[in-house]
Every structure is written in structure tokens, then in C-alpha cells.
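S.K.:
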Amino acid sequence: DWFASTFITTFAVISAVSFLLLVPWEWTRRDPIVDIRLLFSRQFGMSFLVMMAVGAVLFSTTQLLPQLQQTTFDYTATLSGLSMMPGGIAMLMLMPISGFAAGIVQPRYLIMLGMSVVAVALWHTTSLTPDASFSFFAYARVYMMIGLPFLFIPISTAAYVGLPPQKTDQASSLINVARNIGGSMGVSLSNTVIAQNAQFHQSVLVGHTAQSSDTYQQTLRQVTDHFVAAGSPLVEARQQAVGWIGQEIGRQASLLAYVDVFFYCAIATAVLVPFALLLRPPKSAPAKR
Numbered sequence: 040d041w042f043a044s045t046f047i048t049t050f051a052v053i054s055a056v057s058f059l060l061l062v063p064w065e066w067t068r069r070d071p072i073v074d075i076r077l078l079f080s081r082q083f084g085m086s087f088l089v090m091m092a093v094g095a096v097l098f099s100t101t102q103l104l105p106q107l108q109q110t111t112f113d114y115t116a117t118l119s120g121l122s123m124m125p126g127g128i129a130m131l132m133l134m135p136i137s138g139f140a141a142g143i144v145q146p147r148y149l150i151m152l153g154m155s156v157v158a159v160a161l162w163h164t165t166s167l168t169p170d171a172s173f174s175f176f177a178y179a180r181v182y183m184m185i186g187l188p189f190l191f192i193p194i195s196t197a198a199y200v201g202l203p204p205q206k207t208d209q210a211s212s213l214i215n216v217a218r219n220i221g222g223s224m225g226v227s228l229s230n231t232v233i234a235q236n237a238q239f240h241q242s243v244l245v246g247h248t249a250q251s252s253d254t255y256q257q258t259l260r261q262v263t264d265h266f267v268a269a270g271s272p273l274v275e276a277r278q279q280a281v282g283w284i285g286q287e288i289g290r291q292a293s294l295l296a297y298v299d300v301f302f303y304c305a306i307a308t309a310v311l312v313p314f315a316l317l318l319r320p321p322k323s324a325p326a327k328r
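Numbering (the numbering used here) for the sequence shown: 40 to 328.
1. Taking Cβ positions, are V216 and A296 nearer each other than 8 Å?
2. Helix or strand or just coil, what does DSSP make of R328?
3. Count the other CB atoms, across all protein chains shown, that sit within 10 Å of the CB of D113; report buried if there are 16 or more and exposed otherwise.
4. Which value, in whole angstroms, describes the spacing of the CA atoms of L133 and Y178?
5. Taking all protein chains shown into account, do 16 or more other C-beta atoms lie within 10 angstroms of the C-beta of T49, making it buried, or fewer, making it exposed?
6. Apart from the five residues on each side of it in sequence, which residues of its chain come closer than 6 Å, Cβ to Cβ, to S119?
7. How close, in whole Å, do the beta carbons of L190 and I150 come, if the pair is a contact with beta carbons under 8 Å?
8. Kindly give me the distance between the Cβ atoms of M154 and V312, rounded to whole angstroms, as I take these residues to be in contact under 8 Å.
9. Count the CB pairs spanning the region 81-98 and the region 260-278 that are closer than 8 Å, and state whether there are at least three.
10. Check whether the Cβ atoms of L244 and I288 lie closer than 8 Å to each other.
11. V20 to A292, Cα distance in whole Å?
12. From P146 to L318, what does the alpha carbon distance come to, in whole angstroms?
13. For Y199, name the three-state secondary structure that DSSP assigns.
14. Report the rounded CA-to-CA distance for Q256 versus S54, giving the unit in angstroms.
15. Would you kindly check if the distance between the Cβ of V181 and the Cβ of A140 is under 8 Å?
16. When you compare the region 299-313 with the region 157-165, are there three or more beta-carbon pairs, one atom per stretch, that lie closer than 8 Å?
17. Around the C-beta of A326, are 16 or more other C-beta atoms found within 10 angstroms, so that it is buried, or is it exposed?
18. Can you give me the Cβ contacts of A324 inside the same chain, cut-off strictly under 6 Å, excluding the 5 residues immediately before and after it?
19. Quick one: Cα of S57 to Cα of D70, how far?
20. Do you know how far the Cα of S229 is from the Cα of A116?
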């Protein structure tokens, strides 16, 4: 029920008030636990924002793909995990290459590359259909994971540019916080969008099941004949057909809601690509690449 729940509303208010009190308190401390001033630095603030976006994409897709497979495609937990495994292997293999590239290419260019790859991968995932195969999910995950290694190391490198040595511990902590906060926000927003858009798509699809619809009547006859062939009496077979069509509408509405989320993530990631140019290169980086 979200904010219709008194419990959730109460703790949301407590969290908001606590955060509002935290900012001025930490701002005025000589040696703060959380150095909020770092977030107002262009270099670190932009790195923080990009890492939040990376966390949102990484955590939300890590949750949504298995969730989609198990609820809509009837995958087992093991099978959905196996479909995710190639992406993890691809990311593991590319991490050393990303680390090597970070030493010779400006981080902002690697960040632009990584986010562009992730955006294209998310766009590819929007071609998801009700008969998608295991290989579709495996390749979709691999495509997403190809871009992420070119984000983690370069973002961390860019975040430290211009910071005094005594601030590196604070910066490291905040970058990790950015990834976790982004992940939490991404998962929450994604599930909210799925719940709302699934209802919208279901209402649209139900509108195509009017008794006057020739397509609906044809589908109803075909499904009814299937159940009759399976041994059900005609009246019962028709009821089973209506129920099956209702379940299929719910399944496809849910699938379309997931596609919406992948589309929104693709657009958000693509929009952030040019912001990487606002990052300054490390002093030791080449002037041009």
C-alpha cells in the first residue's frame, strides 16, 4: 500500500527529518563523519551522480531479470541464475581490461563508452517478447555487463581528481554509498513502475476482448477447441478458455510493464552520457585521446 500504510509513512517522515538535520550538522563540524561538502564539488558530485545511476541499473536489472523469468516465463530459480551467469563471467573477464584502459585513457571517455554500451543493451532488452528464449536473456545480460567494467574503475578514478589525500577515505565511503543508494532507489522505482504500468497495460488489453471483437472470438474458439480436444466438455472448455485468456492478458501486461522499465532505464542512461564530459581528467592523463 506504500504511503497508504501508517507504518511506512511514519518511518518515511522520520527518515526525511533525520536527513534534513544531518546536512546542517555535518556541514558545521570541523571533522565530520560524512563530509557533505564533497558532494558540492563538480568533479566528485558528478562522479557521485554517475555512480548512483550505475548502481540503479546494476541492482535493478539484477533483481528484475530473474523476477521476470520466474513470474512470467516460469523459470526455476536455478535456470534464471544460469541465464545471469554469462553476464557475470563477461564482467569478470573485462575488469582487467578496464583497469588497463583506465591507465591510458581519460576516465570520462571510458565512462561515456560504458554508459553508451549499457544504454544500447537496455534498449535491446526492450525487444523482449512472450516467447523469448533462454539465449535472449543470457545475451541481454552479457550486453549489459560489457559496459559496467568501464564504469566502476573510471568513476572511482575520476572521483579522486582534485581531492586532498586526507579526503580520500571520505570519498571512497561516499562513492560506495552512492552505488548502494542508487541500487535501492532503482529497485524501488522499478517495482513501483511495474506495478502501476501492469495495471495500465491490462486495462488496455482487456479492451480488446469485447464480445464484438472478431479476433477475440477467433482466439476463444481456438482455445476452446484445444480444451475440448483435451477431453473437457464444451461448456467447461469454454470457461477454461476464458480463464486462460485472462491469465495470458495478465502475463502480457506484466511483460509490457517490464519492457517499460527497461526503456526508461535506457533513456536515463543515455541522457547521462554527455555529463561525463564535465569531469576533469587526472593530471597524469594524456591531453587528448
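Just so it is clear, CB atoms sit at the ideal spot from N, CA and C, and this is done for glycine as well.
M.R.: Based on what the coordinates show:
1. Looking up residue 216 in the sequence shown gives position 177. Looking up residue 296 in the sequence shown gives position 257. No, these two residues do not count as a Cβ contact at 8 Å.
2. Here the question's residue 328 lines up with position 289 in the sequence shown. Its pLDDT being 45, under 50, R328 is placed unreliably in this model, and the value from its coordinates should be taken loosely. R328: coil per DSSP, three-state reduction.
3. Counted from its first residue, the sequence shown places residue 113 at position 74. Classification of D113: exposed, given that the 10 Å Cβ count is below 16.
4. Your numbering for residue 133 matches position 94 in the sequence shown. Your numbering for residue 178 matches position 139 in the sequence shown. Each residue's Cα considered, the two are about 16 Å apart.
5. Translated into the one-based positions of the sequence shown, residue 49 becomes position 10. Exposed, by the Cβ-count rule.
6. Taking the first residue of the sequence shown as position 1, residue 119 is located at position 80. Hits under 6 Å: P105, Q108, Q109.
7. Start at 1 with the first residue of the sequence shown, and residue 190 comes out as number 151. Start at 1 with the first residue of the sequence shown, and residue 150 comes out as number 111. Confirmed, Cβ separation roughly 6 Å.
8. Position 115 of the sequence shown, counted from the start, is the residue given in the question as residue 154. Position 273 of the sequence shown, counted from the start, is the residue given in the question as residue 312. About 5 Å separates the two Cβ atoms, so the contact holds.
9. no
10. Position 205 of the sequence shown holds residue 244. Position 249 of the sequence shown holds residue 288. Going by C-beta atoms, L244 is nearer than 8 Å to I288.
11. The question about residue 20 has no answer here: the residues shown for the chain are numbered 40 through 328.
12. On the sequence shown, residue 146 is found 107 positions in, with the first residue counted as 1. On the sequence shown, residue 318 is found 279 positions in, with the first residue counted as 1. So the two alpha carbons sit approximately 8 Å from each other.
13. Here residue 199 refers to the residue found at position 160 when the sequence shown is read from its first residue. Of the three classes helix, strand and coil, the one that applies to Y199 here is coil, per DSSP.
14. Counted from its first residue, the sequence shown places residue 256 at position 217. Counted from its first residue, the sequence shown places residue 54 at position 15. Approximately 53 Å between the Cα atoms of the pair.
15. Here residue 140 refers to the residue found at position 101 of the sequence shown. Here residue 181 refers to the residue found at position 142 of the sequence shown. Cβ distance not < 8 Å, so A140 and V181 don't count as in contact.
16. yes
17. Here the question's residue 326 lines up with position 287 in the sequence shown. Since pLDDT at A326 reaches only 45, below the 50 mark, its modelled position is unreliable, and the value read off the structure follows with that caveat. Flag for A326 reads exposed.
18. Within the sequence shown, residue 324 is the residue found at index 285, counting from 1. For A324, the predicted structure reports a pLDDT of 47, less than 50, and the residue's modelled location is therefore unreliable. The matter cannot be settled from this model.
19. As a first step, residue 57 is located in the sequence shown; it is residue number 18 there, counting from the start. As a first step, residue 70 is located in the sequence shown; it is residue number 31 there, counting from the start. Looking at the two C-alpha atoms, the distance is approximately 20 Å.
20. Working through the sequence shown from its first residue, we reach residue 116 at position 77. Working through the sequence shown from its first residue, we reach residue 229 at position 190. Rounded to the nearest angstrom, the two C-alpha atoms are 20 Å apart.
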